[in-house]
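Residue numbering for the sequence shown follows the UniProt record's numbering, starting at 1 and increasing by one per position.
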Amino acid sequence: MVTDTVIGGMSDIDTVRMDDDERDEFLGRSGTGVISLATPEGEPPHSVPVSYGYDPVESVLYFRLSVGPDRAKGDLDDRAATFVTYGERDGRWRSVAASGRLVSTTDESVSAETIEGLERTGRIPIVDVFGEPTSEVAFAFYRLDPERFTTRIERSMEP
Numbered sequence: 001m002v003t004d005t006v007i008g009g010m011s012d013i014d015t016v017r018m019d020d021d022e023r024d025e026f027l028g029r030s031g032t033g034v035i036s037l038a039t040p041e042g043e044p045p046h047s048v049p050v051s052y053g054y055d056p057v058e059s060v061l062y063f064r065l066s067v068g069p070d071r072a073k074g075d076l077d078d079r080a081a082t083f084v085t086y087g088e089r090d091g092r093w094r095s096v097a098a099s100g101r102l103v104s105t106t107d108e109s110v111s112a113e114t115i116e117g118l119e120r121t122g123r124i125p126i127v128d129v130f131g132e133p134t135s136e137v138a139f140a141f142y143r144l145d146p147e148r149f150t151t152r153i154e155r156s157m158e159p
């Protein structure tokens with residue numbers, strides 16, 4: 001896994017990289033963000049809001065994604081994806097972007113470690129953005145083993 005170091009060029013407020021502990025604390029155990037899925041060449045990525053859970057032991061993200069023939073996302077197994085979440089804590093803006101490939105958690109080769117990882121995430125929030133009752137939407141769990149994390153934190157304005 002690669003972690004980018006980013007030192008900004010903004011005039012008054014520069015951004016700097018979070019260390020792994022800061023990243024893990026920011027991602028916490030669950031939250032929301034946007035996942036962008038790779039599409040055929042020349043097409044923009046398919047980006048949708050999602051809820052997630054984060055396993056700090058394995059540095060893995062888990063998603064509860066809507067699936068089915070009526071969904072625009074298409075096949076998700078082994079699909080290249082980037083997930084972004086951001087927010088403000090302690091008066092400073094922070095963001096994390098994680099890139100890698102989605103892995104179905106029902107795959108037998110990952111099922112045991114997935115159960116342990118999902119238990120460490122706590123509860124993945126249910127965010128209703130479907131225009132129909134969530135009880136009528138088919139969901140599947142996927143995980144993202146990031147090949148790269150890009151983290152940014154707003155530098156303090158203190159002298």
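In this text, a Cβ means the ideal position worked out from N, Cα and C, and glycines have one as well.
When we look at the beta-carbon of residue i and count the other beta-carbons within 10 Å, is it buried (16 or more) or exposed?
i, result
"Thr85", "buried"
"Thr150", "buried"
"Thr105", "buried"
"Pro40", "exposed"
"Ala146", "One detail in the question is off: residue 146 reads as Pro in this sequence, not Ala. That one is buried."
"Arg23", "buried"
"Val57", "exposed"
Residue i bridges to which residues according to DSSP?
i, result
"Pro49", "Val34"
"Pro146", "Gly100"
"Val67", "The partner list for Val67 (beta bridge, DSSP) is empty, contrary to what the question assumes."
"Ser156", "Ser156 pairs with nothing; no bridge assigned."
"Arg94", "Gly87, Ile153"
With a threshold of 8 Å on Cβ separation, who are the neighbours of residue i within its own chain once the five nearest residues in sequence on each side are excluded?
i, result
"Asp78", "Arg101, Leu102, Val103"
"Glu88", "Arg94"
"Ser156", "Arg92"
"Gly9", "Residue placement at Gly9 is flagged as unreliable, the pLDDT there being 40, under the threshold of 50; the coordinate-derived value follows with that caveat. No residues qualify anywhere along the chain."
"Gly28", "Tyr54"
"Asp19", "none"
Tell me the residue span of the alpha helix (DSSP H) that contains residue i.
i, result
"Glu58", "That residue, Glu58, is in no alpha helix (DSSP H); it is neither H nor E in DSSP."
"Asp24", "20-27"
I'd like the span of the beta strand (DSSP E) that includes residue i, first residue to last.
i, result
"Arg89", "80-89"
Closer than 6 Å by C-beta to residue i: which residues in its own chain qualify, once you throw out the five before and the five after it? Chain order, please.
i, result
"Phe63", "Val50, Tyr52, Tyr142"
"Ser47", "Val34, Ser36"
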